[in-house]
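Asker:
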Ligand SMILES: [Zn+2]
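In this note's numbering, the protein residues as written are 16 to 910.
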């Protein structure tokens, strides 16, 4: 699965779990023999939403060789009908058998041909032991179930304009049981086949390709052959009147699907090109040809993640990849990376699968690293190194939050998985694997991976299978590595310390520190880059020194040829290591003198931007100084990639400055940021990518009345403008900015824009454009929808609006509604589904950048036993960020 962008992902677990918050203690091992035939290691399952690790481990000892056949009828719109036929071997007798099935309705159940009376409640179907025999058994369940609209299960979406329905499934981590009764755990892999009845003009897509389509009087029936042995979370079923494009990679038929309504915005040539190039890379890297018969990719609406690696039928978010008719090179690179990420999972995850959800990080970190390697091998798609650098920075950020955690964590039930779909599992994990690859040697690392895949194909693995394969093929000591990197959270900082004599470098030490709460020091291999100032004033790389550092201080072996005294030392050149950097005094002074323009290498400039951003978060640099550095150095930043990466910190800086109690220094910094955005935008060539990137900065920093009017004129211009002004999402962002400051006429602009953009993304952007206005009446429907568990507002709409409902100085408006939201947290925790909380909690927790708002959050945290885990996590993160905002305020000069 992939989450793109950092749309703060909160952890979660369902509400029902609050009753069973004690993690793995919910199912009880029965040592005594209450159940007359139950054996000593039996586990009795309790009524609760999620499957416990304990029960799953027991069921793994009970059941084997599963084959599912699903006969599904999709012709009704209120609910669907299914007949699940489940064949399996019972390998341990004497215990009840349970099938996971959430909130459906059972018509009939038969076990080995005998009808059973159902005692089904809500979470799973329990079948008494007496009905089963050792060896082969067959259970048939005839059931109905409503579709879901929150993207977790079999989701149904209706296009508001055409009325067409589109269905897709999303089953990770534990949602297949919202589709059919199944053994929903990753180590009970099964062969699966489908028969699907659907309206006549629909396509039906699943793991395998149909062998027959039967014409019925009112519908068509699709027959699909049996799949390879797969875990339930990567089964899938998608259906609807999708548009389709076809191509092939030698021996692998390729298809791409998207809703008809957005078909004209899709560039199938690009999708297929990336898909073919990725296949070529992975077939070679894994040394194991793609093992499934076909590869379909679908772009689906209201999807909660970036994409999902269903075997042979990958789903992608329409919001992120389907509705931009004019993607920038950065957008296209992001899409290519995601295509490659999902494909990497076909082997690592789908052929070889984690035994349990604690292995999720390895699955995701590995796919993330592999996607980057695939992009590195195909530089025509963009700069993979630059993307990795920015991505890794998200890992550093997450690792400094109060919610950081070891990469490898125990998971007591799948509801906790949402909490692990974070930047520790993706960004940090990938960076840590990348440095392992440098430590092992890239080719040796690849050989170890190929060996691991071949050895464990179609089965399940533990971490030790992975580390064992690396140790066996590379000779590395993986036990110390595992403790340092996987079992201990936190990020270290390194700094170079050096002395020169007579213009020559005579000693160089690498100093390592750790944050007090995570004092672990680590070992890894990095490269030092030594730079010298040229006559032109720019910096030139004069030497690189690889070093494996450990402990608090590591002397660096200077080459036999003593180097000249450096003016600037970069301790993680080419970004081999996962470690934060502190620049030594000399290097910092050099940087302040040369500015960003001193480096001709855009990777170095990107690294500098990130070091400064981190210094602001670490309270080592006043926010106003940082903004003034951006203002002074933006003109010298010639890389559009870097400008694009800079948008997020610049937007944060703008919003924090605006949220603070105003001072002369903060007002001046805000005005300077707006001015540089406009002056750079105005001087960039009209159709250039630079102008487009700068227009984004204009849309998030414009706040003075004169420039708001100028922005309004740009958007309203007739005839329509060119270049940057035609990019649809940027136009919406501009209109949102006008609404945010209540610029006269913004409503008319929204109405006009909705005529121009009839897409779902456009409709959602218009919701935010209305909601972001600085009035109570604009906010009220969204606060009401949050507090009303029966609200008809969809999760996708809620996410679109809450993403930015109270920006910048509007945080002050939360003084009124904030207490209501905090008071409702226990009820919200109880009434909302896990997916809702995991996607939304961090957005609706109120922050105000005032000591009063920090105190309110602190008080709320005191009641944490009343909240779902996702809400607790969101509260802790928002509290930390709000307190940091207050601390940043204290650093801003008062006058
Ligand atoms: Zn993934």
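Glycine included, C-beta positions come from ideal geometry on N, C-alpha and C.
1) By the 10 Å Cβ neighbour count, where 16 or more other Cβ atoms means buried, how is residue 324 classified, buried or exposed?
2) Taking only heavy atoms of ligand 1 into account, decide whether any of them is closer than 7 angstroms to the Cβ of residue 16.
3) With distances taken between CB atoms, is the gap from residue 438 to residue 412 smaller than 8 angstroms?
4) Does the Cβ-Cβ distance between residue 869 and residue 907 come in under 8 angstroms?
5) When the Cα atoms are used, what is the spatial distance from residue 4 to residue 240?
6) Is the region 785-796 touching the region 811-826 in the sense that three or more CB pairs, one from each, lie closer than 8 angstroms?
7) List, from N- to C-terminal side, the alpha helix (DSSP H) runs of 4 residues or more that fit wholly inside the region 486-537.
8) Quick one: which unbroken alpha helix (DSSP H) runs of 4-plus residues sit fully inside the region 336-393? Chain order, please.
9) Between residue 890 and residue 850, is the Cβ-Cβ spacing less than 8 angstroms?
10) Once you ignore the five residues that flank residue 465 on each side, which residues in its own chain have a CB closer than 6 angstroms to its CB?
11) Does DSSP put residue 155 in a helix, in a strand, or in coil?
12) Does the region 670-683 come close enough to the region 635-651 that 3 or more CB-CB pairs lie under 8 angstroms?
13) Which residue from 254, 97, 76, 135 puts its Cα closest to that of residue 202?
14) Does the region 565-585 come close enough to the region 598-610 that 3 or more CB-CB pairs lie under 8 angstroms?
15) Quick check: what's the CA-CA separation for residue 905 versus residue 687?
16) Count the other CB atoms, across all protein chains shown, that sit within 10 Å of the CB of residue 119; report buried if there are 16 or more and exposed otherwise.
17) So, does the region 358-368 touch the region 331-343, judging by three or more C-beta pairs under 8 angstroms?
18) When the Cα atoms are used, what is the spatial distance from residue 666 to residue 812?
19) State yes or no: is the beta carbon of residue 420 nearer than 8 angstroms to at least one beta carbon in chain B?
20) Would you say residue 835 and residue 872 are within 8 angstroms of each other, going by their C-beta atoms?
21) Note down the Cα distance separating residue 180 from residue 443, rounded to an integer number of angstroms.
22) DSSP three-state label for residue 8, please.
23) Please determine whether the Cβ atom of residue 379 lies at a distance below 7 angstroms from any heavy atom of ligand 1.
24) Give the DSSP-derived three-state secondary structure of residue 569 in the structure shown.
25) Say the cut is 7 angstroms; is the CB of residue 360 nearer than that to a heavy atom of ligand 1?
26) Under the criterion of a Cβ to heavy atom distance below 7 angstroms, does residue 324 qualify as lining ligand 1?
27) Nearer than 7 angstroms: is that true of the beta carbon of residue 687 relative to any heavy atom of ligand 1?
28) Within a Cβ cutoff of 6 angstroms, which residues of the same chain sit near residue 560, ignoring the five residues on either side of it in sequence?
29) Pairing CB atoms from the region 217-234 with CB atoms from the region 146-161, are three or more of them under 8 angstroms?
30) Could you tell me the boundaries of the alpha helix (DSSP H) in which residue 808 lies?
31) Would you be able to state if there are at least three C-beta pairs under 8 angstroms between the region 448-461 and the region 347-357?
32) Note the first and the last residue of the continuous alpha helix (DSSP H) segment covering residue 893.
33) Within the present structure, is the beta-carbon of residue 382 separated from the nearest heavy atom of ligand 1 by less than 7 angstroms?
34) Where residue 540 and residue 216 are concerned, what is the direct C-alpha to C-alpha distance, given to the nearest angstrom?
35) Tell me whether residue 356 counts as near ligand 1, meaning its Cβ is closer than 7 angstroms to at least one heavy atom of that ligand.
Answerer: Based on what the coordinates show:
1) For this step, residue 324 is matched to residue 309 along the chain shown. It counts as buried.
2) As a working note, residue 16 is residue 1 in the chain shown. Yes; taking the cut-off as 7 angstroms, the Cβ of residue 16 has a heavy atom of ligand 1 nearer than that.
3) Within the chain shown, numbered from 1, the residue matching residue 438 stands at position 423. Within the chain shown, numbered from 1, the residue matching residue 412 stands at position 397. Cβ distance < 8 angstroms, so residue 438 and residue 412 count as in contact.
4) Indexing the chain shown from 1 puts residue 869 at position 854. Indexing the chain shown from 1 puts residue 907 at position 892. Cβ distance not < 8 angstroms, so residue 869 and residue 907 don't count as in contact.
5) Given a span of 16 to 910 for the chain in the structure shown, any question on residue 4 remains unanswerable.
6) yes
7) 493-496
8) 344-362, 375-391
9) By one-based count along the chain shown, residue 890 stands at place 875. By one-based count along the chain shown, residue 850 stands at place 835. Their beta carbons are not under 8 angstroms apart, which means residue 890 does not touch residue 850 by this criterion.
10) On the chain shown, residue 465 is found 450 positions in, with the first residue counted as 1. Within the same chain, residue 465 has close Cβ partners 301, 302.
11) Position 140 of the chain shown, counted from the start, is the residue given in the question as residue 155. Looking at residue 155 - three-state DSSP - the assignment turns out to be strand.
12) yes
13) Working through the chain shown from its first residue, we reach residue 202 at position 187. The shortest C-alpha separation from residue 202 is found at 76.
14) yes
15) For the purposes of this step, residue 905 is identified with residue 890 of the chain shown, where counting begins at 1. For the purposes of this step, residue 687 is identified with residue 672 of the chain shown, where counting begins at 1. Cα to Cα, residue 905 sits roughly 20 angstroms from residue 687.
16) To locate residue 119, count along the chain shown from 1; it is residue 104. Buried is the call here.
17) no
18) Locating residue 666 in the chain shown gives position 651, counting from the first residue. Locating residue 812 in the chain shown gives position 797, counting from the first residue. Roughly 22 angstroms separates the two Cα atoms.
19) No chain B is part of this structure, which consists of one protein chain only.
20) Numbered from 1 along the chain shown, position 820 holds the residue referred to as residue 835. Numbered from 1 along the chain shown, position 857 holds the residue referred to as residue 872. No.
21) Counting from one through the chain shown, the residue named residue 180 turns up at place 165. Counting from one through the chain shown, the residue named residue 443 turns up at place 428. The alpha-carbon atoms of residue 180 and residue 443 are separated by roughly 39 angstroms.
22) Absent from the model: residue 8. The displayed extent of the chain is 16 to 910, so no value can be given.
23) Taking the chain shown and counting its residues from 1, the one referred to as residue 379 is at position 364. Under cutoff, so the answer is yes.
24) The count along the chain shown starts at 1 and reaches residue 569 at position 554. Residue state, collapsed to three classes: strand.
25) As a first step, residue 360 is located in the chain shown; it is residue number 345 there, counting from the start. The answer is yes for residue 360.
26) Mapped onto the chain shown, residue 324 falls at position 309. Yes, since a heavy atom of ligand 1 falls inside the 7 angstroms radius drawn around the Cβ of residue 324.
27) Residue mapping note: residue 687 aligns to position 672 of the chain shown, counting from 1. The answer is no for residue 687.
28) As a position in the chain shown, residue 560 is number 545, starting the count at 1. Closer than 6 angstroms at the Cβ level, and outside the excluded window around residue 560, lie 543, 571.
29) no
30) By 1-based counting over the chain shown, the position of residue 808 is 793. Note, residue 808: premise wrong, no alpha helix (DSSP H); not H, not E.
31) no
32) Looking up residue 893 in the chain shown gives position 878. Start and end: 884-906.
33) Here residue 382 refers to the residue found at position 367 when the chain shown is read from its first residue. Because some heavy atom of ligand 1 lies under 7 angstroms away, the Cβ of residue 382 counts as near it: yes.
34) Here the question's residue 540 lines up with position 525 in the chain shown. Here the question's residue 216 lines up with position 201 in the chain shown. Straight-line Cα distance between these residues: approximately 58 angstroms.
35) Counted from its first residue, the chain shown places residue 356 at position 341. Because some heavy atom of ligand 1 lies under 7 angstroms away, the Cβ of residue 356 counts as near it: yes.
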